[in-house]
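Asks: Numbering (my numbering), first residue to last: 7 to 447.
We put the beta carbon where it would ideally sit given N, CA and C, even for glycine.
On a predicted model such as this, the values are computed, not experimentally measured, just so you know.
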Ligand SMILES: [Zn+2]
Ligand SMILES: [Zn+2]
C-alpha cells in the first residue's frame with residue numbers, strides 16, 4: 007500500500023539472540039554450547055564460527071601481561087651478534103627499520119615499523135585495556151572502538167612473519183659469519199607465541215556481549231538479517247540501508263561489499279603489473295670483497311639452494327614465489343567464477359577465499375630478510391648490502407593482494423547456489439523465521 011506522506015522510521019529493535027550469521031556464506035544458525043577446545047563450524051560452508059575456550063580469561067590476561075614484559079625485554083636485549091675473525095657486530099630488533107630510515111626509504115621503513123613494532127605494542131595495550139577492566143567488570147571509555155580495531159588489524163600485525171624473516175636471515179648469515187644468538191631472540195620468539203596465544207584464547211563473543219549485550223538489531227520481523235564481520239552482531243537489512251553502520255560496534259556493514267568485484271579486479275591488476283618489476287629487478291644489491299652482485303628473488307632462492315641451505319631456500323621460495331602467484335590465481339578464479347555465475351564448488355571456493363586471506367601476509371618474509379640484512383652488514387663485516395629496486399614493488403604486491411582478498415565478498419559465491427542446495431533455503435533469514443525455528447526446536 008503506497009503511503010502518501012513520508013513514513014516515520016520504525017524504532018530500532020535491539021535484543022540478544024543465540025544466533026550467528028556466517029560471514030562467508032550468509033547462513034543463519036543457532037549457537038549451541040561448545041565444549042572446551044572444540045569449535046562450532048558453519049553447517050553450510052565449514053567456516054569456524056565459535057571456539058569453546060574454557061577458562062579463557064586467566065589465560066588471555068596472563069599472555070597479555072607476559073607479552074608486555076617480553077616486548078620491553080626483547081627490544082632492550084641484543085638480538086644476535088655476528089662474529090667474523092676479530093670483529094663482531096651486535097644487532098637489535100629495530101636495526102632493520104633504522105637502517106631503512108638512514109637510507110631515507112620512508113615507505114619501506116614505515117611498513118616495517120608499523121607491522122613489526124607499532125601494531126604489536128598497540129595490540130598488547132588493547133588486550134590489557136579490555137581484559138583488566140573485564141576482570142573487575144569496569145567499563146572504560148572507547149573500549150568498543152579498541153575491540154573493533156583489534157579485530158580489524160589482526161592480519162596486519164606481522165611479528166610472526168618477521169620472526170620467520172629473522173630466522174632466515176640468521177641462517178643466511180651463518181654461511182659467511184658466526185651468528186651468536188643474544189637473549190633478545192628467544193625473548194622475541196616467546197613474545198610472538200604469547201601474543202598469538204593471547205588473541206587465540208580470548209573469547210571475543212563473550213567480550214562483545216560484555217561491551218554491548220544486544221547482538222540482534224532490526225526494524226521489523228521481516229527484516230533479513232546480515233552479519234557484522236567485526237562483532238558478529240546480526241543487523242537487519244533496513245538498518246544497513248539507512249545507516250550503513252553496525253549499531254553495536256560502529257563498523258561499516260554491507261549486505262554485499264559495494265563494487266566488490268571491481269575493487270578486487272583493480273587490486274589484482276595493480277598487483278600483477280607490480281609483480282613484473284618485483285621479479286625482474288634485483289631485490290638486493292651486495293658487495294663482497296670488492297665485487298658487486300645483485301640478486302633477484304629467484305636468484306636468491308637458487309643461491310640458497312646452491313649453498314646447501316635447502317630448508318631456507320624452500321621457505322623463501324614458497325613465501326616469495328609460490329604464495330603470491332597462488333594467491334593471485336585463486337583471486338582471479340574467484341572473481342571469474344562469480345562473474346560467470348558458476349554453479350557448484352561452493353564450499354571449495356569459500357575455502358579458497360579463506361586460504362587467500364590467511365597466506366598473503368607470509369610473503370612479507372623476504373622484505374624483512376632484506377631489511378635485516380641491510381642493517382646487519384652496515385659495518386662492512388660481511389660485505390655491504392643495499393635494498394634493490396624490486397623491494398618496494400614486491401612489498402606493494404603483498405599489500406595489494408591482501409587488500410584484494412579483503413575487498414572480495416565471499417557471499418557472492420553462494421548467491422548462485424540453487425534454493426535446494428544445502429544452504430539455499432536458509433539464506434536471507436528474517437527474525438520471524440528465526441522465531442518459528444526456535445519454537446519448532
Ligand atoms: Zn558459512
Ligand atoms: Zn558490529
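1. Is any heavy atom in ligand 2 found nearer than 6 angstroms to the beta carbon of residue 234?
2. Based on Cα-Cα distance, which residue from 333, 215, 390 and 195 lies nearest to residue 145?
3. Can you tell me whether residue 422 sits near ligand 1, meaning its C-beta is under 6 angstroms from at least one heavy atom of the ligand?
4. Hey, is residue 254 close to ligand 2, as in C-beta under 6 angstroms from one of its heavy atoms?
5. Can you give the Cα-Cα distance for residue 76 and residue 362, rounded to whole angstroms?
6. Helix, strand or coil for residue 8 per DSSP?
7. At what residue ranges does the region 284 to 336 contain a whole run of the alpha helix (DSSP H), taking only runs of 4 or more?
8. Mind listing, in chain order, the continuous beta strand (DSSP E) runs of no fewer than 3 residues lying wholly within the region 216 to 268?
9. DSSP beta-bridge partners for residue 194?
10. Taking 6 angstroms as the cut-off, is the beta-carbon of residue 257 closer than that to any non-hydrogen atom of ligand 2?
11. List the endpoints of the continuous alpha helix (DSSP H) containing residue 375.
12. Taking a contact to mean a Cβ-Cβ separation below 7 angstroms, would you say residue 397 touches residue 289 in this structure?
13. Counting only the same chain and skipping the five closest in sequence on each side, list residues whose C-beta sits under 6 angstroms from that of residue 284.
14. Given this structure, state the Cα-to-Cα distance separating residue 19 from residue 226, to the nearest angstrom.
15. What three-state label does DSSP hand residue 105 in the structure shown?
16. Using 7 angstroms as the threshold, is the C-beta distance between residue 254 and residue 415 below it?
17. Can you find at least 3 beta carbon pairs, one from the region 90 to 109 and one from the region 241 to 252, that sit closer than 8 angstroms?
18. How would you label residue 132, buried or exposed, when you count the other beta carbons within 10 angstroms and need 16 or more for buried?
19. By alpha-carbon positions, which one of 126, 110, 303 and 422 ends up nearest to residue 201?
20. What is the rounded straight-line gap between the Cα of residue 4 and the Cα of residue 368?
21. To the nearest angstrom, how far is it from the Cα of residue 281 to the Cα of residue 372?
22. Pull up the distance between the alpha-carbon of residue 37 and that of residue 211, whole angstroms please.
23. Using a threshold of 6 angstroms, is the CB atom of residue 33 nearer than that to any non-hydrogen atom of ligand 1?
24. Look at the alpha carbon of residue 375 and the alpha carbon of residue 407, and state the distance between them as a whole number of angstroms.
25. Can you tell me the Cα-Cα spacing of residue 17 and residue 258, whole angstroms?
26. In terms of DSSP beta bridges, what is residue 93 paired with?
27. Along the alpha helix (DSSP H) that carries residue 36, what are the first and last residues, could you check?
28. Can you list, in chain order, the residues of its chain with a C-beta nearer than 6 angstroms to that of residue 135? Leave out the 5 residues immediately preceding and following it.
Replies: Checking against the coordinates, here is how it stands:
1. yes
2. 215
3. no
4. yes
5. 31 angstroms
6. Unreliable positioning characterises residue 8 in this predicted model, as indicated by a pLDDT of 44, which lies under 50. The coordinate reading is nonetheless provided below. Of the three classes helix, strand and coil, the one that applies to residue 8 here is coil, per DSSP.
7. 303 to 312 and 316 to 323
8. 222 to 224, 231 to 233 and 240 to 242
9. Bridge partners of residue 194: none, in fact.
10. yes
11. 371 to 382
12. yes
13. 396, 399, 400 and 403
14. 8 angstroms
15. helix
16. no
17. no
18. buried
19. 126
20. Because the chain is modelled from 7 through 447, residue 4 falls outside the range shown and cannot be assessed.
21. 14 angstroms
22. 11 angstroms
23. yes
24. 20 angstroms
25. 20 angstroms
26. 90
27. Per DSSP, residue 36 belongs to no alpha helix (DSSP H); it is in the beta strand (DSSP E), 34 to 36.
28. 152
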